[in-house]
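Structure record follows, encoded as structure tokens.
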Amino acid sequence: PDAAPMDYSIWGIMKERVRKHKVSTLKGLKNAINVEWENLEQEIIDNALESWAKRCRLIYYAHGSDIEHLLQ
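Read in order, the letters of the sequence shown correspond to residues 8 to 79 in our numbering.
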């Protein structure tokens, strides 16, 4: 399971937002990522970080097994 907030929360949001940009070059992709990162709401980052400790505990108690069903 993903324990890093960037992996389990923020990157999914970023991918969705970046895909809305029609890019055809690496430079365009980098620009789209930078634009969306600058527009990412602080609340999203805060929520991801707040749930991090709980996710780490669940992963520990599940001995590294899947925990998504425990978060529902």
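A virtual CB, placed ideally from N, CA and C, is assigned to each residue, including glycine. Just so you know, these numbers come straight off a predicted model, no measurement behind them.
Query: What is the DSSP secondary structure of Asp-73, counted as helix, strand or coil?; Result: coil
Query: How many whole angstroms separate the CB atoms of Ile-40 and Ile-20, which I take to be in contact at a CB cut-off of 8 Å?; Result: Wrong, their Cβ atoms sit about 12 Å apart, outside the cutoff.
Query: Would you kindly check if the distance between the Cβ of Ile-17 and the Cβ of Leu-47 is under 9 Å?; Result: yes
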